[in-house]
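Letter by letter, the sequence shown follows residues 0 to 279 in numbering that gives the first Met the number 0.
Below is one structure, written out as structure tokens; comments come after it.
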Amino acid sequence: MICNDCPRECNIDRKTQVGFCGFKDKIVVAKVIENFMWEEPCISGAKGSLAIFFAGCNLKCNFCQNYKISFSTNGNEFTPKQFCEFLEKFNQEKYSCIELISATQFSSLLIESLAHFNKKIPIVWNSGGYEKAQTIELLSEIVDVFMPDLKFYSTSLSKTIAKAENYFEFAGQAIIKMRQCKEKEVFQGEQLIGGLLIRHLVIPQNSSDSIKLLDFIAKNITSPFISLMCQFTPTENSVIKRKIYPLEYKIVLSHAQKLGLTRGYIQDFSSADESFIPSF
Ligand code: SF4
Numbered sequence: 000m001i002c003n004d005c006p007r008e009c010n011i012d013r014k015t016q017v018g019f020c021g022f023k024d025k026i027v028v029a030k031v032i033e034n035f036m037w038e039e040p041c042i043s044g045a046k047g048s049l050a051i052f053f054a055g056c057n058l059k060c061n062f063c064q065n066y067k068i069s070f071s072t073n074g075n076e077f078t079p080k081q082f083c084e085f086l087e088k089f090n091q092e093k094y095s096c097i098e099l100i101s102a103t104q105f106s107s108l109l110i111e112s113l114a115h116f117n118k119k120i121p122i123v124w125n126s127g128g129y130e131k132a133q134t135i136e137l138l139s140e141i142v143d144v145f146m147p148d149l150k151f152y153s154t155s156l157s158k159t160i161a162k163a164e165n166y167f168e169f170a171g172q173a174i175i176k177m178r179q180c181k182e183k184e185v186f187q188g189e190q191l192i193g194g195l196l197i198r199h200l201v202i203p204q205n206s207s208d209s210i211k212l213l214d215f216i217a218k219n220i221t222s223p224f225i226s227l228m229c230q231f232t233p234t235e236n237s238v239i240k241r242k243i244y245p246l247e248y249k250i251v252l253s254h255a256q257k258l259g260l261t262r263g264y265i266q267d268f269s270s271a272d273e274s275f276i277p278s279f
């Protein structure tokens, strides 16, 4: 299995070697949370997701809140066949959807694994957005909802935070491909069962980067459905050491409104938790 699944393009044989992500040819699951309610309401739904947190990450942002998982390769290992069997043991009726969280480093293995999965609820691909358009096209066969982050526009910002100078070059094209594969949002009641939800976390000192990303979305994505988040919290590893100021978030929200990007969610700045408010 020569791996060029993601923009790191390690071009190594994962039977015997590891690339940037650190994984060989097994799917590694770090944690499973049932009835997970911490996503946007159209994802969590009434029952919460079956949230599968995969080990590692192909980005490893230095502000990552999940760094104990994303910087580690520890977890339960599965072959593609075993992972499909593992997933089929859950009673899908108990959940709103199945969320595959930070799974880019296992893309090919999951495409193989879930090709014949007996799916009864939507599968949501919750990713950092650092992906290749070719891989997204293949993933669209097994995924119902793409929920990528669009994190950085500036090459210096993505280099400093995630050692991925070419982040936007790839993430922008990956998101365009996601829109081509899932042309519009499909709802069942309040639940999103198909489509694309683009997330963006505003980074302190970088409102101007957010504005460039919003301009890109407005120009390139038809009927965008977006979630603008303000929950940045520095960790001991982050190079940015403060939370965002209300004014920084306000500038970004005003720009979204000016562009007509009003389908989606924002967060309540004053709220201690991470609640999402529908529309602007
Ligand atoms: S998935 Fe891992 S091995 Fe494959 S290209 Fe990306 S970082 Fe490299």
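Every residue gets a Cβ at the ideal spot worked out from N, C-alpha and C, and that includes glycine.
- For Gln104, the CB falls within less than 7 Å of some heavy atom of ligand 1.
- Per the C-alpha coordinates, the member of Ile250, Ile243 and Phe231 positioned closest to Cys63 is Phe231.
- Ligand 1 has a heavy atom closer than 7 Å to the beta-carbon of Gly18.
- For Cys60, the shortest C-beta to heavy atom distance toward ligand 1 is 7 Å or greater.
- Secondary structure within the region 199-263: the beta strand (DSSP E) runs of 3 or more consecutive residues, fully enclosed, are 225-228 (chain order).
- Residue state for Ile26 is assigned as strand, using DSSP reduced to three classes.
- Asp12 has its CB no nearer than 7 Å to any heavy atom of ligand 1.
- Taking a cut-off of 8 Å on C-beta distances, the region 156-169 touches the region 52-67, as three or more cross pairs fall below it.
- Taking the C-beta atoms as reference points, Leu195 is found no nearer than 8 Å to Phe215.
- Annotation: the continuous beta strand (DSSP E) that includes Ala50 extends over Ser48 to Phe53.
- Here the distance from the Cβ of Asn165 to the nearest heavy atom of ligand 1 is not below 7 Å.
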